[in-house]
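Residue numbers (our numbering): 570 to 995.
As structure tokens, then:
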């Protein structure tokens, strides 16, 4: 509970204000505005309260979220109209788009330092994937309005159930191009997990040159994909060292990778459904990294799919509080931090309650429990008592988990609609 107390306590205001926004600390939740001659104005929220509102997981209309936030802060059931939607939009436009992601970097670093991020054979597992976002549509005359269709890319820590980094991209970008700028966050003690959308010769060369371990699924239907992978599938081998052809000179120049052949390892894995998978890795030592472990290792990549589902359905990621691209980026980053906070609370409650391995905490219940408490917790009011009660309540909301049970159904491809901005939870 130490890390969660540090982040949720008054220290979060210090970090946000001094390190991110570089503004003086605010002593009160709001400051009275000078009276207007025509009408009494509602004051704009200070930066600390502004960030706390966004980190609480905004799912409803902006005005309703603001009224609920200040009502929860005052510990009352009746909504409190303290800040207007227009004042919130004006205050939200001031912080940089990198402010909240910087806060998430600090949170993940503290979680890693306090032992919330486990290791697999001394390496930190990082899953990479992208997901399509269809934002709610509404008539707008806002300059630099956000596109209704964008791609969310993320690096996810499956062991800690936390998003390491995330960004928004155009639908015309390739997933490998989205991954490339994020490689600076990875090092030699990381192991990158990727699906079949990432295999390429230049990416393998880049990862090998930077000393970043990886495990990716590479088999494809027909005559597509690497020739050495097709030959490996036709053979009876279960583990083999092969050499990939050198990347094109243009790719080597664009991505600053060596234009030389790359040595990799192919591992055959038969899934529980009977499908044969081929996993490629640059962990060449079969003694230190047995081939039988790579099937379960690659399966952990699925946690990022569940994370995107949580962001879309439980945190209503595709509903935004503004029409500009900056507002969309702020909302996206705030939902990432909110989900990471819920992951830390869930993991803390799981450790304190010492639940058996067959019981899992209900993340939907965790969101409902933390939502009304986050305003007071984020701004440092009565931290310990409220947090202990919340964690005990979260630990009591569990469900039975049976490993090896396949509950997924065949996926039916259908077009995804754009919801209206007016269709939000009441």
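Beta carbons: idealized from backbone N, C-alpha and C, even for Gly.
When the Cα atoms are used, what is the spatial distance from residue i to residue j?
i	j	result
residue 858	residue 705	46 Å
residue 965	residue 823	53 Å
residue 883	residue 933	7 Å
residue 732	residue 762	14 Å
residue 682	residue 676	10 Å
residue 739	residue 914	33 Å
residue 724	residue 698	7 Å
residue 660	residue 619	7 Å
residue 931	residue 963	8 Å
residue 717	residue 881	15 Å
residue 729	residue 833	28 Å
residue 879	residue 637	22 Å
residue 764	residue 630	36 Å
residue 639	residue 616	14 Å
residue 875	residue 957	27 Å
residue 702	residue 751	20 Å
residue 810	residue 853	7 Å
residue 610	residue 943	Because the pLDDT at residue 610 is just 41, under 50, the model does not fix this residue reliably, and the point stays unresolved.
residue 971	residue 849	29 Å
residue 911	residue 877	14 Å
residue 694	residue 680	14 Å
residue 644	residue 843	55 Å
residue 938	residue 946	12 Å
residue 668	residue 662	12 Å
residue 802	residue 948	57 Å
residue 670	residue 909	12 Å
Assign residue i to one of two classes, buried (16 or more other C-beta atoms within 10 Å of its C-beta) or exposed (fewer than that).
i	result
residue 793	exposed
residue 851	buried
residue 873	buried
residue 838	buried
residue 634	buried
residue 625	buried
residue 753	exposed
residue 673	buried
residue 651	buried
residue 805	exposed
residue 831	buried
residue 664	buried
Mind reading off the beta-carbon distance from residue i to residue j? Whole number of angstroms is fine, and I expect it under 8 Å.
i	j	result
residue 867	residue 784	6 Å
residue 890	residue 928	With 8 Å as the limit, residue 890 and residue 928 do not qualify as a contact, their Cβ atoms being about 36 Å apart.
residue 734	residue 870	So it is not a contact: roughly 16 Å between Cβ atoms.
residue 720	residue 757	No, residue 720 and residue 757 are not in contact; Cβ-Cβ is about 29 Å, not under 8 Å.
residue 960	residue 918	4 Å
residue 767	residue 745	6 Å
residue 787	residue 847	5 Å
residue 770	residue 814	6 Å
residue 899	residue 666	7 Å
residue 686	residue 726	6 Å
residue 855	residue 820	Wrong, their Cβ atoms sit about 30 Å apart, outside the cutoff.
So which of the options has the shortest CA-CA distance to residue i?
i	options	result
residue 955	641, 881 and 919	641
residue 892	621, 658, 619 and 701	658
residue 967	935, 871 and 802	935
residue 861	943, 836, 876 and 981	836
residue 649	678, 632 and 906	632
residue 689	669, 957 and 865	865
residue 888	903, 876 and 875	903
residue 653	818, 622 and 628	622
residue 779	826, 921 and 818	826
residue 941	801, 923 and 907	907
residue 760	981, 669 and 692	692
Would you list the one or two residues that DSSP bridges to residue i?
i	result
residue 832	812
residue 775	Per DSSP, none; premise fails for residue 775.
residue 719	702
residue 689	692
residue 697	724
residue 782	760
residue 849	785 and 835
residue 997	Since the first residue shown for the chain is 570 and the last is 995, residue 997 is missing from the structure and cannot be characterised.
residue 928	969
residue 680	According to DSSP, which records beta bridges pairwise, residue 680 is partnered with nothing at all.
residue 893	714
residue 731	726
If we define contact as Cβ-Cβ less than 8 Å, is residue i a contact residue for chain C?
i	result
residue 623	In the structure shown, chain C does not exist; there is a single protein chain.
Confirm the yes/no value for this check: CB of residue i, any heavy atom of the ligand MN, distance under 7 Å.
i	result
residue 898	In the structure on display, the ligand MN does not appear, and there are no ligands present to speak of.
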